[in-house]
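>
Numbering (the working numbering), first residue to last: 60 to 325.
(1) Does DSSP classify residue 180 as helix, strand or coil?
(2) Who are the Cβ neighbours of residue 63 in its own chain at under 8 Å, not counting the five residues just before and after it?
(3) Give the single residue among 107, 182, 283 whose Cα lies nearest to the Cα of residue 232.
(4) Just how far apart, CA to CA, sit residue 215 and residue 204?
(5) Mapping the DSSP letters down to three states, classify residue 165 as helix, strand or coil.
(6) Using the three-state DSSP reduction, which class does residue 202 fall into: helix, strand or coil?
(7) Out of curiosity, what's the CA-to-CA distance linking residue 324 and residue 131?
(8) Considering Cα atoms alone, identify which of 301, 313, 253, 254 is closest to residue 330.
(9) What number of angstroms, rounded off, separates the C-alpha of residue 168 from the C-alpha of residue 270?
(10) Is residue 123 helix, strand or coil when you go by DSSP?
(11) By DSSP, does residue 276 sit in helix, in strand, or in coil?
(12) Is it buried or exposed for residue 119, if we count other Cβ within 10 angstroms and need 16 for buried?
(13) Using a 10 Å radius around the Cβ and a threshold of 16 neighbouring Cβ atoms, would you call residue 191 buried or exposed?
(14) Given residue 211, which residues of its chain have a CB within under 6 Å of its CB, disregarding the five upstream and five downstream residues?
(15) How is the beta strand (DSSP E) around residue 266 delimited, first residue to last?
(16) Curious, which full-length alpha helix (DSSP H) runs of at least 4 residues does the segment 226–269 contain?
(17) Going by DSSP, name the residue or residues bridged to residue 282.
(18) Please tell me whether residue 147 and residue 98 are closer than 8 Å, where the distance is taken between their beta carbons.
(19) Give me the DSSP bridge partner(s) of residue 196.
(20) Between the alpha carbons of residue 163 and residue 199, how many angstroms are there, rounded?
(21) Give me the residue from 138, 134, 123 with the minimum Cα distance to residue 153.
(22) For residue 91, report the span of its alpha helix (DSSP H) as first-last.
(23) Based on DSSP bridge pairs, tell me the residues matched to residue 77.
(24) Can you have a look at residue 178 and say buried or exposed, based on whether 16 or more other CB atoms are within 10 angstroms of its CB?
(25) Might you give, ordered along the chain, the residues of its own chain that have their beta carbon closer than 6 Å to the beta carbon of residue 96, omitting 5 neighbours on each side?
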């Protein structure tokens, strides 16, 4: 295992009087924040506060765009065209960049949320449009996506455009035998010893274990922690402790020298 690994978390998903997640407590424990951009969560003040908190804690900021569905938290599919998908991502990324610029921060990556993520698994036309949106709005285009990344439409579309894809591994969700994440309808308390055991196995062997006991090799560069889980802070603390025990530093993922750099619009 490499000497550093990234820890990312979805943040800034509160809206108005509705609160989601433990962002303030989690921010010192993570290295990269995926910030909601207003469509599924994250009103302007929440976005501004989240970006400022990330800046204070030295946390890289990525965009977490979703479908325009506040009531359903972006978890309900919509019949949208590639043009609509492109515009939705450009719009949300642009909003987030507006809060990054005054603090001298640049956008780190893009990670789709909820139903939009699900649609980008297998809809090639939408994936091509979103990959173009990432290319056109990111100074150094970068996509975060659950490993194994090569099976899904958006990572393939991103690769065609030369956009690096950072693979995620999860220790607060279970895996099926097919290496698919088993998403929970309702968040549950996670056993911290189980989280630590699964993390140590990944660090030692580069694999996770499915619900049936099957060993699944994964190539991941970042650990994703769900910030809205009931014991998310404790999970993040345990993950950091295990990494420290193994002499592995937590740091935001950085592209290798000579990778894609460009002036971005929006």
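Backbone N, C-alpha and C fix where the C-beta goes; we use that ideal spot for every residue, glycine too.
In short, the structure shows the following:
(1) helix
(2) 307, 308, 309, 310
(3) 283
(4) 11 Å
(5) coil
(6) strand
(7) Caution is warranted here: a pLDDT of 35 is assigned to residue 324, below 50, making its placement in the model unreliable, and no coordinate value can be reported.
(8) The structure shown has nothing for residue 330, since the chain only spans 60 to 325.
(9) 31 Å
(10) strand
(11) strand
(12) buried
(13) buried
(14) 180
(15) 266–268
(16) 251–264
(17) 66, 228
(18) yes
(19) Its beta-bridge partners do not exist; DSSP assigns none.
(20) 15 Å
(21) 123
(22) Per DSSP, residue 91 belongs to no alpha helix (DSSP H); it is in the beta strand (DSSP E), 91–95.
(23) 74
(24) buried
(25) 122, 124, 151, 154, 155
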